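For reference, each letter of the sequence shown is one residue, going 35 to 250 in this note's numbering. Cβ atoms here follow ideal geometry from the backbone N, Cα and C, with glycine treated the same way. Since the structure is predicted, the reported quantities are computational estimates derived from the model, not experimental observations.
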Amino acid sequence: MKSISKNAISARVSSRKIIAKESEDIAVPSLKVEVDYKITGKDGERKGTIECKCFVKQFGQLLHMMFGGLTNYSVKDTAGATKTPSAFLTDYRTLGCNASAGVDNHGIVVGLDNTAVDINDYVLASKCAHGTGADEFTYGGPVGFTITNDDTSNTLKITRPFGNGSGSSIVVKEIGLIVYNNAGYFLVLRDIIDDPGLEVGSGETLTVNYKIKAIA
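Shown next as structure tokens:
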């Protein structure tokens, strides 16, 4: 067996320490999602922020489809059916979420159930429908989009208001983002709000701002 000097061993250990230290100093790029919300009514407004962290399976699948230029790619839609969207489209969106007023099948959506998120979720656990009945919101639109840039980040903000005309309070416990393309509607984000949730009184409006930030 070939012998190794103590000096050689010491040099290798020192080299590993330097590499480890350099790795710690390297800034790791990230994709961060936050939600700002505002509840407005006759008694003023209440604001808050929710740190979101739950991209679900369809998000990665749709990116794979687009980046790879794939066709007939299998993705589960919000009805639980397997659909085959394509990256090659003419005059059609691949990740559209600009929902009009009254449309609750895509864009920002809210719901009532804070069951823990699973990577395989394809729909909110209990989505609030558009309307003025019990646990229904008037979905506003068109959804607002803005983008801002600075030296270290790029932030896309998506905005949608939800009016409560049901006559009773609605407690929001989950939020999500649904996109659409030539094949259907696909959930890409779902996050839960811990109890007691966000109580939106009758006559009040909940405005949700999704902020998707790429950090260098």
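In the structure shown, the three-state DSSP call for Gly75 is strand. Counting C-beta atoms within 10 angstroms of its own C-beta, Lys81 has fewer than 16 neighbours from the protein chains shown and is therefore classed as exposed. For Lys91, the enclosing alpha helix (DSSP H) begins and ends at Lys91 to Gly102. When Leu190, Ser202 and Phe101 are compared, the shortest CA-CA separation from Gly167 is found for Ser202. Ile204 is positioned such that its CB atom lies no closer than 8 Å to that of Val242. A Cβ-Cβ contact shorter than 8 Å links Asp169 with Ser200. The residues Asn139, Tyr156, Val157, Ile212, Gly218, Tyr219, Phe220 and Leu221, in chain order, have a CB closer than 8 Å to that of Thr112 in the same chain once the five nearest residues on each side in sequence are set aside.
Look at Ile226 here: in three-state DSSP terms it is strand. In this structure Gly141 is in contact with Ala133, their Cβ atoms being roughly 3 Å apart against a cut-off of 8 Å. No residue range can be given for Asn148, since it is assigned to no beta strand (DSSP E) and is classified by DSSP as neither H nor E. The three-state secondary structure of Leu211, taken from DSSP, is strand.
Exclusion of the five residues before and after Tyr214 leaves Gly130 and His140 as the residues of its chain whose Cβ lies within less than 6 Å of its Cβ. The alpha-carbon of Gly103 is positioned some 14 Å away from that of Gly94. In the DSSP assignment, Lys87 falls outside any beta strand (DSSP E) and carries neither an H nor an E. Less than 8 Å divides the Cβ of Gly197 from the Cβ of Thr172.
Counting along the chain, no beta strand (DSSP E) covers Gly201, and no H or E run does either.
Ile209 and Ile227 have their C-alpha atoms roughly 8 Å apart. In this structure, the straight-line span from the alpha carbon of Ala159 to that of Val206 is close to 12 Å.
According to the DSSP assignment, Asn216 belongs to no beta strand (DSSP E), since it is labelled neither H nor E.
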